[in-house]
Every structure is written in structure tokens, then in C-alpha cells.
Amino acid sequence: MRWSNYFIPTLREDPADAEVISHKLLLRAGLIRQLAAGIYSYLPVAQRSVLKISQIIREEMNAIGGQEFFLPALHPAEPWQESGRWSVMGDNMFRLKDRKGGDYCLGMTHEEIFTEIARRELRSYKQLPQVWYQIQTKFRDELRPKSGLLRVRQFTMKDAYTFDIDASGLDRSFEDQRRAYCRIYDRCGLDYVIVDADTGAMGGSASNEFMVYTDAGEDLVASCAQCGYAANTEKAASRIPEIEDGDATLEPEKFPTPGVRTIEDLTTFPGGAEASRQIKTLVYVAVANKGNDVQATPVLALLRGDHPLNEAKLSNAAARLVNRDGWELTSVRAAHAEEIFEWMGANAGSLGAVGVTKLPVIADEALRGRRNMTTGANEDDHHLRGVNIERDVAVAQWTDLRTVIEGEGCPRCEGTLRVAKALEVGHIFKLGTKYSVSMGASVLTAEGKETPIVMGSYGIGVERILAAAIELHHDEAGIIFPITIAPFHVVVSPLNVRDPELKATADRIYREMLSAGVEVLYDDRDERAGVKLNDADLVGIPFRITIGAKKFKEGKVEFYDRAARRAEDIAVDATFEHTGLRIEQAFKRLNTPKH
RNA sequence: CGGGGCGUGGCUCAGCCUGGUAGAGCGCUCGGUUCGGGACCGAGAGGUCGGAGGUUCAAAUCCUCUCGCCCCGACCA
213 MRWSNYFIPT LREDPADAEV ISHKLLLRAG LIRQLAAGIY SYLPVAQRSV LKISQIIREE
273 MNAIGGQEFF LPALHPAEPW QESGRWSVMG DNMFRLKDRK GGDYCLGMTH EEIFTEIARR
333 ELRSYKQLPQ VWYQIQTKFR DELRPKSGLL RVRQFTMKDA YTFDIDASGL DRSFEDQRRA
393 YCRIYDRCGL DYVIVDADTG AMGGSASNEF MVYTDAGEDL VASCAQCGYA ANTEKAASRI
453 PEIEDGDATL EPEKFPTPGV RTIEDLTTFP GGAEASRQIK TLVYVAVANK GNDVQATPVL
513 ALLRGDHPLN EAKLSNAAAR LVNRDGWELT SVRAAHAEEI FEWMGANAGS LGAVGVTKLP
573 VIADEALRGR RNMTTGANED DHHLRGVNIE RDVAVAQWTD LRTVIEGEGC PRCEGTLRVA
633 KALEVGHIFK LGTKYSVSMG ASVLTAEGKE TPIVMGSYGI GVERILAAAI ELHHDEAGII
693 FPITIAPFHV VVSPLNVRDP ELKATADRIY REMLSAGVEV LYDDRDERAG VKLNDADLVG
753 IPFRITIGAK KFKEGKVEFY DRAARRAEDI AVDATFEHTG LRIEQAFKRL NTPKH
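Mapping of the first sequence onto the numbering used here: position 15 corresponds to residue 227, and the numbering continues sequentially without gaps.
As C-alpha cells, then:
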């Protein structure tokens, strides 16, 4: 490819609306341009890289028996209504109507559509297992698109689905996928951790996320260096010291607390209590749906005063309360001020669960057995002290509701948890029979009994791999592509194309590489050396052959290794061979299994 | 949706507070000099100042509405 005629619109300055490093570099190096919030055009350089990532994914999926499909991105509402997700997905789903007024949506993921095929065509256990996948565009009307390609409204996802006869089959399929994912990220040059994760709107029993540690990430991962425990903080547990409560005989006593609105206020109020001796009472609404009916159930969440609520955990607890008789939880939200007063008879700041029977109470495990606690009295400007939670509060469910904090104890060993930002680049789920039951996908067993297919679902964000690679591999000068996903392997840069000798040599090297199948970009532009070198660094091509007049007179060119930032002089005649060798080595380094 | 910020040549921004007929740097075109880390000189092209309405003799500037984009909190690959 000749640079002079190839579209790489590099930018000298950082674009104004880019914040994170990958976003800046993707724009500056001429890989992407924005069309609208969270919607990007991939320019030729990006497209080459994306195709390579896709190909790596494809190879690893095929290696575990995956069969590639290509399903529609435009879906009728029916399958989504059958699974219940037409309402669960809420505003995150792009919806539209056709000319006849029929409801359609743009696919966010394809469980329903693959299941729709499976239920029509799969009849017998003999046909299982099946491993189906596609690499396709997904649409999500994100609340807040941001950070370049990291959170967008249109993106490419590799989504795979497995269909097994039973749980142990699913376990095997899941493990196959997990290993394939490790190979994919290894080959793409990403450092990652596998963490326990919440299943969220996907449903199902178990899930693992593949996370890349980077400050550009939006998730928090709690990990233990001692035993290797790692979990998304939506799911992570921790060990905390017990608190000695003293006298068990005290009875609840109401006392006036004018002006006290927060946990913090009460810690300094005379006769108040320190945060760890308070009960925090939060009013939430569990929204559930059954077909097109929607139901809102108020619930109380109780935590120790100094513990932050984890909404993902509350959501799971609320689901256990409301998921019955066909109702299914769609979301939880904090109650509005008016709702709180209506249900509790007091305003936020004076709320408590003592004596509350109308709202189900979900209490955090850290409160179990606690006595002499202080909490709101459900009367404005009054609190209660001497509260013994197990005696005085009608707890409907004890569970873990708390978000872990850096420095707390590891739940599995004596170690200490560290919490760090991370980016989710893949997520694998054991779905079980959620979709096969709701959509009626079943097969006959060897015994002739009808049984729902046991499913798994496995996703990779293709552009997130690209962005994560840049987050991980860059310097002040620009991108440093891992060679496996680099748009080109080598750039040939004659520093003065008006010098006929240099030009002729560069031409020859370029053509030799081209005909040998080397992915070479030839910077034949009539630009100053500085421009060419800076552009090559910015775009991040792993190797550069620099041909300058001075060394050329000695029969030498410069071989530059972008990642090592090291240059060496090599004989002109050895260029082809040397480059081939270095490319081969670079590939080998990434393609050698690490996990 | 709540909070904050920004929309002015292709890009980065100044001008706005205190209304007076639109600027700089980079990029682009042409000519010349230069040529190993984003050169220099000269000459050019290029802007409904996001949009609509209003105030005014006069609006990029003041007022109202609206659209878009970015950032911070509730969703996910």
C-alpha cells in the first residue's frame, strides 16, 4: 500500500472532545471519525485492524467446533416479547416500526434469534452439542456513550451460543469457550484477568468477565494477590472485622434529632452514634414485568451506616422476592422523595425499619446479630437507639448488599483486597434454560423425554479489543500495535523521495516485500522526514525500514522496532530477510499459549 | 434523566463580559529556498459564527427557545 494514495488522515493536535488515550490516538492516527454520539466510522487503517481481530476470534471459535452464522440485525418484536426482554431491555433497545406499524428493534445481542432457530430445527439429543456464533453489528441506545470506542451505540460483537443436553454438557462448552477466550486475548496482545461477574439482564447461573486493567475502564475489579481471587465489585465479597456491641438488653428508645439528615450528621450529634453503629435504611423500588404488565414493589435495604449499597446485589435480592407467578424483575431504582414519604411516613434522613411490616426488608449480612444500633424512627427529626436488629426488625431476607472496599479482607484467604478500574472485553454466561424454557426450545433425550436445551452465551466486543490494545500499548508518540492486530507489519520510509537512488531502493524493497506477502505500507509521500517518522510512530506500525541518504551511502538502512523503541543499522541487501525474521518472531511471541 | 461545559474556515482556539460589519496558529493551493524527528519566505483559497425567534440603527457578542457534542452520577461487549 502506498501511503501517498492511502487514506490515513492523521491529526497533529489532540481533538477537543477526546478524553481517554485510546480515543485521542484513534482519532489522531486516522483510524476513526465520529458520525454521532457513540457512532463511529472506521477508516481503512482501523478496518484492517478490526478484520485481524475478527479473524483471530474466528480461528479460535472454529478451533472449538464453532460454526459461523450471520443473523439479521433488524428483529421483529415477537422473539423478544417471548423471552420477556422486550420490556427488560427498556430504553437501551433501539426500537422502530415498519410501514404497517409492526414493532421492530435493532439487535442488542442474539439469544432470542439463535434460540428461535434452535427451537425449530433441533429435535434430538443426537444433534447436540451445537456451538454457533457470528460476528455482527449490535445496537444499544446507551444512556451515555463515551470514551471513543469504549462505550458506543453501534459496535461489532462476536457472540456465540452453545446448546447442550444437560448441565455437564454446558460445563464443558463453557470451559471450551473460556479457553478459546484466553487464546484470543493472548494472541491480541492483551493482559487480562478473568473475574466472577454478575449476570445482569442476561440471566443465568454463572458468568465470567474478561477484564483489562486500565483507568479508562468503567468497572471495578476486586482482587487478591495472595490467592488470585478476582471479582467484579458488583459481585465481590470481602471479610470485615466483627464489631462488639456490648449490652444486649437495651430496648429501642426514641430520641429527638432535629436537623439530622445523614449518617454523617448523626455521628457528630450529641447522643448519636458512629457510622458503624448505625443502620442505614434505603427505600428502593423493584420494577417487575409479566408480559406487558408492570408492577412496582417498594423494598427496604438495610446496611451498616458506613457501608455503600451495591445495586447489582440488591437487584439480585429483589429478584428473589418478586420473581414468582410469572413476574420477572426488570430493574431496581431508588424511590422518589414523595414515594418515600407515602410509604414510610417520614422523609429520608429519619428512616428506619423497626416495626415496618408493609415493605419487605432486605438486610446486609454485616448487620446480622448487631445490637445497640441507632437508626431512624420513621418520624421526621427522630431516631431510635438500642435497636437489636434481629429482635426489632422483620427481616425478609439476609444477603450480601455491600460494595467491597479496597483494603478489606479477601473472602477466600488471609490476603487483602485491591480494587482497580478495568475494562470488560468479554463476558461468558452459563444461561441454563432461561431462553429455551421461555421460548420453547427442547429436544428429546435418549429416553424419549422432552427436555429444554441447556444454553450458554459468550460475547466479545471487537472494537473494545482494539481500544484496549491501544490503552495498554502506546507512548507519547502514539500507538504501539501488537503485530497480530497491527494494520500493517512494516512501514518502508525513504526520507527523501526526490533522491532517485533512495527512491529506487525503497521501491525495490517495497515490491519485494509486497510480492512475498508481507503487509507493508510504503511511505512514498514527498514529506519532510519529521512528518514521516512522526506519522509512522503515531499509527503504531510495529517495524519501520528507514532509508536515509547518509547511511544509504554506507550500504545500510535503519530497522526500527516500535515497541522496543530501538533502531539498528542493517545492510540494504539484508533488509528483506531481516524483516521477515523479525515479523515471524513477533508473531510467535504472541501466538505462543500463555494460559 | 439530573449536574457541569462547549458549539466561530478542515483541525486547535481567540474574539462574546463592555454590540459597530470576523481573527491567529496549524492544515490546504501556487511559486521559491530547504530536506533524518511535524522547515522558511512570498502569494492565495476557504467561515449562513450550530439553528430559529426576539431586542437594537446595528448581534458571533444581549434575551428566549431549540439542536448537537463532551465531561461527572444510574447500563454493558
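Virtual Cβ for every residue (Gly too), placed ideally from N, Cα, C.
8 Å Cβ cutoff met for residue i and residue j
i	j	result
Leu362	Ser234	yes
Phe788	Glu724	yes
Trp344	Ala379	no
Ile672	Lys370	yes
Glu354	Gly278	no
Gln609	Arg532	yes
Thr509	Gly302	no
Gly319	Ala634	no
Ile782	Ser705	no
Asn590	Gly638	no
Gln821	Thr374	Since the displayed the chain opens at 213 and closes at 807, residue 821 lies outside it and no answer follows.
Thr569	Ala606	yes
Gly760	Arg774	no
Ser261	Ile697	yes
Gly588	Thr461	no
Tyr496	Val506	no
Ser450	Pro623	yes
Val232	Ser359	yes
Val702	Phe755	yes
Status (buried if at least 16 other CB within 10 Å, exposed otherwise) for residue i
i	result
Thr804	exposed
Lys642	buried
Lys744	buried
Ser216	exposed
Thr480	exposed
His686	buried
Arg778	exposed
Arg597	buried
Gly296	buried
Thr349	exposed
Asn504	exposed
Asp229	exposed
Gly401	buried
Pro453	exposed
Residue i versus residue j: straight-line alpha-carbon distance, rounded
i	j	result
Ser385	Leu793	38 Å
Thr651	Glu328	Note that residue 651 is Met in the sequence shown, not Thr. For Met651 and Glu328, the distance between alpha carbons rounds to 7 Å.
Lys466	Asn528	33 Å
Val534	His287	29 Å
Val730	Glu323	40 Å
Gly567	Ile475	20 Å
Val655	Trp292	22 Å
Gln346	Ile265	14 Å
Gly660	Ile276	29 Å
Cys317	Arg352	10 Å
Arg399	Pro520	39 Å
Val257	Ala718	22 Å
Glu421	Tyr404	10 Å
Arg801	Pro694	10 Å
Leu678	Asp459	59 Å
Boundaries of the alpha helix (DSSP H) in which residue i is found, first to last residue
i	result
Val364	No alpha helix (DSSP H) holds Val364; DSSP gives it neither H nor E.
Phe788	787-803
Trp269	Position check: residue 269 holds Ile in this sequence, whereas Trp was assumed. Taken as a continuous stretch (DSSP letters only), the alpha helix (DSSP H) holding Ile269 covers 256-275.
Lys765	761-765
Ile552	549-556
Limits of the unbroken beta strand (DSSP E) element including residue i
i	result
Leu613	No beta strand (DSSP E) holds Leu613; DSSP gives it neither H nor E.
Glu540	540-546
Pro510	505-516
Gly673	666-673
Pro712	Per DSSP, Pro712 belongs to no beta strand (DSSP E); it is in the alpha helix (DSSP H), 712-727.
Cβ neighbours of residue i in the same chain (closer than 8 Å, five flanking residues each side left out)
i	result
Ala728	Phe788, Gly792
Leu750	Thr222, Leu237, Arg240, Ala241, Ala689, Gly690, Ile691
Thr445	Asp431, Leu432, Val433, Ala434, Asn522, Thr615, Val616, Val631
Leu714	Pro706, Leu707, Asn708, Ile759, Gly760, Ala761, Phe764
Own chain, CB closer than 7 Å to residue i, minus 5 neighbours either side, in chain order
i	result
Gly581	Glu602
Trp298	Ala289, Trp292
Met585	Arg489, Gln490, Ile491, Val599, Ile601
Sequence-distant residues of its chain with Cβ nearer than 6 Å to residue i (five each side left out)
i	result
Asp410	Glu446, Lys447, Ala524
Ile721	Val704, Thr787
Leu334	Val655
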